[in-house]
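Scroll down for the structure; my scribbles are underneath it.
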Amino acid sequence: MRIVTSPSEMLRMVKEARLRGESVGLVPTMGFFHAGHLSLMRAAREENDFVVVSLFVNPTQFGPQEDFRDYPRDLARDAQKAAEAGVDCIFHPRVEDMYPQPYLTYVVVEGVTEGLCGASRPGHFRGVATVVAKLFHIIPAHRAYFGLKDAQQVMVIRRLVEDLNFDIEVVACPTVREEDGLAMSSRNIYLEEEERRAATVLYRSLCLAEDMAARGERDASKVTAAMRELMASEPLVEPEYVEAVDWGMLKPVKRLQGEVLIAVAARVGKARLIDNLILDLRDEGGGR
Ligand code: PAF
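Numbering-wise, my numbering puts 92 at position 14 of the sequence shown, and it's gapless, one number per residue.
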């Protein structure tokens, strides 16, 4: 497995692979790999001839008070895991190569970025859309793989691809969880022991929503209120949002119908955690 740092060298390698007739899969990441990342790499390995993992902690998607400097990094460990997953190449550029100064061009996806995480992280999705657009140019892949734990990000990238005519298939892969349900995240490393236990309430609140929906509850506010009540039972968990939105434009819904994203975000100690569930109620006739 090769580690490439230069964007022009990376582009040349991908063009050569395409000229050989190979299909190319891209897994964009910020590194510190866990089982969630590895599942994306395995999916990319199964479906493509040439697999590139980008590993870049992207400064433009972090707010000034956020954890850009502290974000966990371990290239040697990541390279070993990626090699074991059968990845052909890691693209690991320097910040100054991705954002040469002066850097003046950004990509803004509207409509699906203002709510949920966008409300408390202004500029976050501008940074994500910008770096992903750049990665799609540097690594013109046939398919790109993203985890549904970041469901809003998946929707932002789907819009980006559609609206800017990128010739790339966005493959959304299921959230990978610890045995007790906690969604895998590089930021779980920030959790102290008691916080780690309390953090499972995010998943438990989503299970409660799923149960209520299965039992026929269709009033979104009753479901989110019950989730909030459950989350309040864990004093170490400070909820940021608990919302039911349509899985399309990500606007709040009153009734559970069609495809609904139930999404939660909370602070647990130093960590900001997110999790979600997509309810598919389209067979009830309320779909888009
Ligand atoms: O999900 C992530 O790790 C990042 O937001 C991404 C898509 C790699 C862009 O920096």
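We put the CB at the ideal spot given by N, CA and C, even for glycine.
Among the options, the one whose alpha carbon lies nearest that of residue i
{"i": "T278", "options": "D258, M290, R296, M262", "result": "D258"}
{"i": "V206", "options": "F128, V186, Y223, E192", "result": "V186"}
{"i": "L213", "options": "A343, E307, A229, H170", "result": "H170"}
{"i": "M233", "options": "G326, E125, I352", "result": "G326"}
{"i": "E245", "options": "M88, L104, S84", "result": "The residue asked about is misnamed: residue 245 is Asp in this sequence, not Glu. Considering only alpha carbons, the answer is L104."}
{"i": "R275", "options": "E256, V131, H215, A292", "result": "E256"}
{"i": "D156", "options": "G189, C167, M305", "result": "C167"}
{"i": "R210", "options": "Q231, R199, E192, P200", "result": "The identity of residue 210 in the sequence shown is Val, whereas the question assumes Arg. Closest by alpha carbon: Q231."}
{"i": "E321", "options": "S299, S117, S84, V315", "result": "S299"}
{"i": "L47", "options": "Y184, K348, I340", "result": "Examination of residue 47 is not possible in this model, given that the chain is present from 79 through 366 alone."}
{"i": "Y181", "options": "P200, Q158, T208", "result": "T208"}
{"i": "H112", "options": "V190, Y319, N354, R265", "result": "R265"}
{"i": "L238", "options": "E273, V254, T191, A303", "result": "T191"}
{"i": "Q158", "options": "T138, V131, P252", "result": "V131"}
{"i": "P106", "options": "R172, G225, Q179", "result": "G225"}
{"i": "S198", "options": "L357, L359, R345", "result": "R345"}
{"i": "E100", "options": "L153, P218, R236", "result": "P218"}
{"i": "V102", "options": "N126, H115, G114", "result": "N126"}
Outcome for residue i when other beta-carbon atoms lying within 10 angstroms are tallied against a minimum of 16
{"i": "C195", "result": "buried"}
{"i": "R151", "result": "exposed"}
{"i": "D241", "result": "exposed"}
{"i": "K227", "result": "buried"}
{"i": "G141", "result": "exposed"}
{"i": "P313", "result": "exposed"}
{"i": "V129", "result": "buried"}
{"i": "G86", "result": "Looking at the sequence provided, one finds Ser at residue 86 rather than Gly. When all chains shown are included, S86 counts as exposed."}
{"i": "H202", "result": "buried"}
{"i": "R366", "result": "Residue placement at R366 cannot be trusted, given a pLDDT of 44 that sits under 50; what the coordinates show is reported in the next sentence. That one is exposed."}
{"i": "R333", "result": "exposed"}
{"i": "Q139", "result": "buried"}
{"i": "V338", "result": "buried"}
{"i": "C243", "result": "Position check: residue 243 holds Asn in this sequence, whereas Cys was assumed. Exposed, because fewer than 16 other Cβ atoms sit within 10 Å of the Cβ of N243."}
{"i": "L97", "result": "exposed"}
{"i": "L355", "result": "buried"}
{"i": "R90", "result": "exposed"}
{"i": "Y184", "result": "exposed"}
{"i": "V342", "result": "buried"}
{"i": "R147", "result": "exposed"}
{"i": "V92", "result": "buried"}
{"i": "A24", "result": "The structure shown does not extend to residue 24, since the chain spans only 79 to 366, so no value can be given for it."}
{"i": "E115", "result": "The displayed chain sequence assigns His, not Glu, to residue 115. By the neighbour-count rule (16 or more Cβ atoms within 10 Å), H115 is buried."}
Exercise answer, beta-carbon shell around the ligand PAF heavy atoms below 6 Å: Ordered along the chain, the selected set is P106, T107, M108, N136, Q139, V206, V209, V210, D228, Q231.
Alpha helix (DSSP H) runs wholly inside the segment 126-165, at least 4 long, in chain order: Taking only runs of at least 4 residues, the alpha helix (DSSP H) segments lying wholly in the segment 126-165 are 153-162.
Contained beta strand (DSSP E) runs [length at least 3] in the segment 237-293, N- to C-terminal order: Correct list: 247-251.
Runs of alpha helix (DSSP H) wholly within the segment 297-361 (minimum 4 residues, chain order): For the segment 297-361, whole alpha helix (DSSP H) runs of length 4 or above, ordered along the chain, are 298-310.
Ordered list of beta strand (DSSP E) runs contained in the segment 161-218, each at least 3 residues: Whole beta strand (DSSP E) segments, 3+ residues: 167-169.
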